[in-house]
Amino acid sequence: MKCLLAFLTLLASTSAFTTSPVAKPSTSLSSSVQGITNTGKFFPETGQQIWDPLNLMNRLDDKGVAWFRAAEIKHGRIAMIANLGWLAQVNHFHFGGMMSPTESVSFADIAAASPFEAIGKIPDSGFYQILFVVGAVEGYQEMIQPHYTLPGGSIGDLGAARCAPDRLERMQAVETKNGRLAMIGMASYIAAATLPGSVPNIPEFFVPH
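Going by mature numbering (1 follows the signal peptide of the UniProt record, and there is no 0), the letters in the sequence shown line up with residues -16 to -1, 1 to 193, in that order.
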């Protein structure tokens, strides 16, 4: 049950209340798609080109590209937060007091476990609370107009939209790169924890002990 709730939480944070994009060939990309420009000038790693290994920008219309772009940004943001959570868990950092007084579960109890074991120690009510908050945030975001898949829409810029256009474009590129790195990082931590030796030279403070 808890594993199912954990999976649903991750799924809800990225895809809840959304519909699958309709594939429609497109030869151009609107500048309204958050964090994507036609110049790729902040991506020297890919030869100043936008990294699109699946060729989505030529296979989908702007709305479809925006949907996938939103999914990437959300996954990246979650992964960046997850990196902090993983580091806190494997190094046993925690708040004082009780996580659930009614079920006698303290933050110290959670921190003493490995990241995978800690999931099993969280009361079911904790997962319900997470699902409720994530669902509320996603539901609110879907109601904001214009929708993030339409011109002028955004999945949340955290106030960065007030910056000059060039600075905003750079900040979006930085977020994209950090998010992608965070997703790779989380995959590496999980691999190192489940398959010892699979990630050479990984620092000890990234591995459960």
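Using N, Cα and C, we set each Cβ at its ideal position, and we do this for glycine too.
A Cβ-Cβ separation of about 7 Å places residue 159 in contact with residue 60 under the 8 Å criterion. Sixteen is the threshold: when 16 or more other Cβ atoms of the shown chains lie within 10 Å of the Cβ of residue 70, as they do, the residue is buried. The Cβ-Cβ distance between residue 175 and residue 183 falls below 7 Å. Residue pairing for residue 89: DSSP places it in a beta bridge opposite 84. The segment 50 to 64 makes no contact with the segment 77 to 96: fewer than 3 CB pairs, one atom from each, lie closer than 8 Å.
By the 16-neighbour rule on beta-carbons within 10 angstroms, residue 30 is exposed.
If you check the CB distance, residue 99 and residue 73 come in under 7 Å. Taking 7 Å as the cut-off, the Cβ atoms of residue 137 and residue 130 count as close. By the neighbour-count criterion, in which 16 or more other beta carbons inside 10 Å mark a residue as buried, residue 133 falls on the buried side.
Between the alpha carbons of residue 153 and residue 47 lies a distance of about 20 Å. Counting of Cβ neighbours within 10 angstroms places residue 38 among the exposed residues, the total staying below 16.
Cα atoms of residue 120 and residue 113: separation of roughly 11 Å, rounded to the nearest angstrom. Setting aside the 5 residues that flank it on each side, residue 91 is surrounded in the same chain by 78, 79, 83, each with a C-beta closer than 6 Å to its C-beta; the list follows chain order. Residue 146 counts as exposed, since fewer than 16 other C-beta atoms from the protein chains shown sit within 10 angstroms of its C-beta. Listed in chain order, the non-local C-beta contacts of residue 26 below 6 Å within the same chain comprise 154, 157, local neighbours out to five positions each way being set aside.
Rounded to whole angstroms, residue 45 and residue 123 show a C-alpha spacing of 24 Å.
Between the alpha carbons of residue 56 and residue 49 lies a distance of about 11 Å. Ranked by how close their Cα comes to the Cα of residue 35, the residues 164, 58, 150 have 164 in first place. For residue 180, no alpha helix (DSSP H) run applies, since DSSP gives it neither H nor E. In this model, residue 117 and residue 111 are separated by some 10 Å (Cα to Cα). The C-alpha of residue 54 is placed about 32 Å away from the C-alpha of residue 75.
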